[in-house]
Every structure is written in structure tokens, then in C-alpha cells.
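In the working numbering, the protein residues as written are -9 to 140.
Data first, discussion second: the structure below is written as C-alpha cells.
Laid out in C-alpha cells, this is it:
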């Protein structure tokens, strides 16, 4: 599960004025890049991964820092978005709020995450809808982190 430099954007952790750290996993380059541009323009720190394996390779460095996971349900022939979300929860020791994007919600499975909200959203998701969804998810993750003994 080693990531190639072109497959994962360099890690940049939230600054004090950041609205949150979001990881977007999508094999559609245009969708992933346009979402990253939108998030950055609105003050979020945005990381990108082209597939589940490359995203999961970054999990150790994201522990305690990742606020929201956005993942496409259909990631080609590898892991589904559901599997990525469940594996992230296992690797991080706690689930993070997750938005699963799909063009076919009837065939998408929602991950079994007991300790974080999961939203299943139809693609394409309107930018204003995504931007409205993120602040409460970031606040939820940070409130849980603050209340959890270290």
C-alpha cells in the first residue's frame, strides 16, 4: 500500500485559522481537484488521494488531525468508499465524520461507523450543500476529540 508522489498531495495540517482538515478520495481527477479548490477557497485545508489505498497509507499521519473524510463510493476496481471509511476508523482508532458521494445511491452501502456521522450524498453535490455540511461535521469531530481522554 505505498503511495506514489503523484497520487497523494503533500500533507499540510490545519493552521490556527483553518476551518478544518478534509481528505477527499476520488478516482475522478476533475471532481477531486475542483472540490479541493472549492474547499481551499473557503478556508479548509484539503488533502487529496486518487484511491483508497493511497488514502489509507496516510492514516497514521492524520490521527487526531483529520476532521472530515469525503470519499467516492465507486473507486474503480479496488476498495469501495464504505470500505475506506471503515478501514480509516480502524486505523485511526476512531471514525471521523464521513461524506460518501455516489452517482448511484441505490447500490451504495453506508459504513457501520458507531462513533461518527455518515452522510450518503448523490453526485454531483452542489458546492453550497457541501460547504453547509462541513462546519457541523468539523465541530462534531473536534468536540468528540476534546471530550476524549488521551
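Glycine included, each C-beta is placed from N, C-alpha and C at the ideal position.
Since the model is a prediction, treat every value here as computed from it, not as a measurement.
Assign residue i to one of three DSSP states: helix, strand, or coil.
i           : result
residue 53  : coil
residue 75  : helix
residue 62  : strand
residue 81  : helix
residue 12  : strand
residue 103 : coil
residue 35  : strand
residue 128 : helix
residue 98  : coil
residue 112 : strand
Answer with buried or exposed for residue i, where buried requires no fewer than 16 other C-beta atoms within 10 angstroms of its C-beta.
i           : result
residue 119 : exposed
residue 51  : exposed
residue 138 : exposed
residue 45  : buried
residue 36  : buried
Could you check the C-alpha separation between residue i and residue j for me, to the nearest Å?
i           : j           : result
residue 13  : residue 60  : 6 Å
residue 134 : residue 42  : 25 Å
residue -6  : residue 38  : Reliability fails at residue -6, whose pLDDT of 45 lies under 50, so the model's placement of it is uncertain and no value is given.
residue 117 : residue 17  : 19 Å
residue 136 : residue 97  : 36 Å
residue 10  : residue 121 : 12 Å
residue 104 : residue 31  : 32 Å
residue 76  : residue 115 : 22 Å
residue 65  : residue 129 : 28 Å
residue 93  : residue 113 : 5 Å
Out of the options, state which residue places its alpha-carbon closest to the alpha-carbon of residue i.
i           : options              : result
residue 33  : 40, 8 and 39         : 8
residue 58  : 137, 93, 138 and 123 : 123
residue 107 : 63, 131, 95 and 114  : 131
residue 19  : 30, 36 and 40        : 40
residue 125 : 66, 78 and 87        : 87
residue 141 : 62, 89 and 48        : There is no way to answer for residue 141, as the model of the chain reaches only from -9 to 140.
residue 102 : 117, 136 and 84      : 84
residue 21  : 111, 62, 99 and 56   : 62
Spell out a yes or no on whether the region 65 to 74 and the region 18 to 35 are touching, meaning 3 or more CB-CB pairs, one atom from each, closer than 8 Å.
no
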